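Beneath this line is the structure, given in structure tokens, with notes to follow.
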Amino acid sequence: MTEDWRTADELDVERMIRQSTREIWDEKLVGKIYEYYDDDVVVHGGEGDIVGSEALVEDTLARLNAFPETEMNIEKIIWEGNPEDGYYTSMVRTITAENTGPTEYGPPTGKTMEDNLGIANCLIQKVDGEWKYVEEWIAYDKIGYIKAVTDDDDPIHDY
Numbered sequence: 327m328t329e330d331w332r333t334a335d336e337l338d339v340e341r342m343i344r345q346s347t348r349e350i351w352d353e354k355l356v357g358k359i360y361e362y363y364d365d366d367v368v369v370h371g372g373e374g375d376i377v378g379s380e381a382l383v384e385d386t387l388a389r390l391n392a393f394p395e396t397e398m399n400i401e402k403i404i405w406e407g408n409p410e411d412g413y414y415t416s417m418v419r420t421i422t423a424e425n426t427g428p429t430e431y432g433p434p435t436g437k438t439m440e441d442n443l444g445i446a447n448c449l450i451q452k453v454d455g456e457w458k459y460v461e462e463w464i465a466y467d468k469i470g471y472i473k474a475v476t477d478d479d480d481p482i483h484d485y
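This is the structure in structure tokens:
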């Protein structure tokens with residue numbers, strides 16, 4: 327019998343990143359956040375910090391409501407670390423999605439956000455015997471996002 331990679335002594339980092347991204351974003355299994363992320367995870371982003379797995383679930387559901395047919399493509403994964411200290415990872419990705427649900431900027435526009443470039447840097451450590459994301463830093467093309475969720479006459483489109 328093979329050992330479960332989530333509890334293995336050495337983490338298959340690329341497998342965790344690809345599988346968690348696919349399940350949460352492509353398969354829309356948002357509840358998997360509770361399996362992959364620590365209860366006290368902190369996700370740092372341009373809009374401020376998201377603290378805790380419950381808040382991360384709410385944020386992810388809002389994003390998927392705004393862009394239900396999100397297509398996320400992982401372009402590159404790099405990482406370094408060890409089982410004792412954890413693993414620092416970087417995932418470069420692009421997202422293509424149509425805005426068919428409301429956002430913080432207003433009602434849906436029906437516009438498509440194409441190949442929105444972003445990066446997620448994470449720290450993965452063992453928590454209660456399982457590998458979890460414990461901290462994450464996210465940056466993405468915010469202007470591209472705003473252009474997809476606002477009317478063309480919005481001043482942001484001048485950038």
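Residue numbers for the sequence shown follow our numbering, beginning at 327 and rising by one. Cβ atoms here follow ideal geometry from the backbone N, Cα and C, with glycine treated the same way. In this text, all values refer to a predicted model and were calculated from it rather than measured experimentally.
- DSSP links residue 358 through a beta bridge to no other residue.
- Of the residues 477, 473, 478 and 448, the one whose Cα lies closest to the Cα of residue 346 is 448.
- Exposure of residue 469 is indicated by the presence of fewer than 16 other C-beta atoms within 10 angstroms of its C-beta.
- Assigned with DSSP and collapsed to three states, residue 457 falls in strand.
- One Cα belongs to residue 435, the other to residue 479, and the distance between them is close to 12 Å.
- Per DSSP, residue 470 lies in no beta strand (DSSP E) segment; the continuous alpha helix (DSSP H) that holds it begins and ends at 468 to 475.
- In this structure, the beta-carbon distance from residue 369 to residue 376 falls below 7 Å.
- With respect to the 7 Å criterion, residue 398 and residue 351 are classified as neighbours on the basis of their beta carbons.
- Between residue 415 and residue 405, the C-beta spacing is below 7 Å.
- Annotation: the continuous alpha helix (DSSP H) that includes residue 380 extends over 379 to 392.
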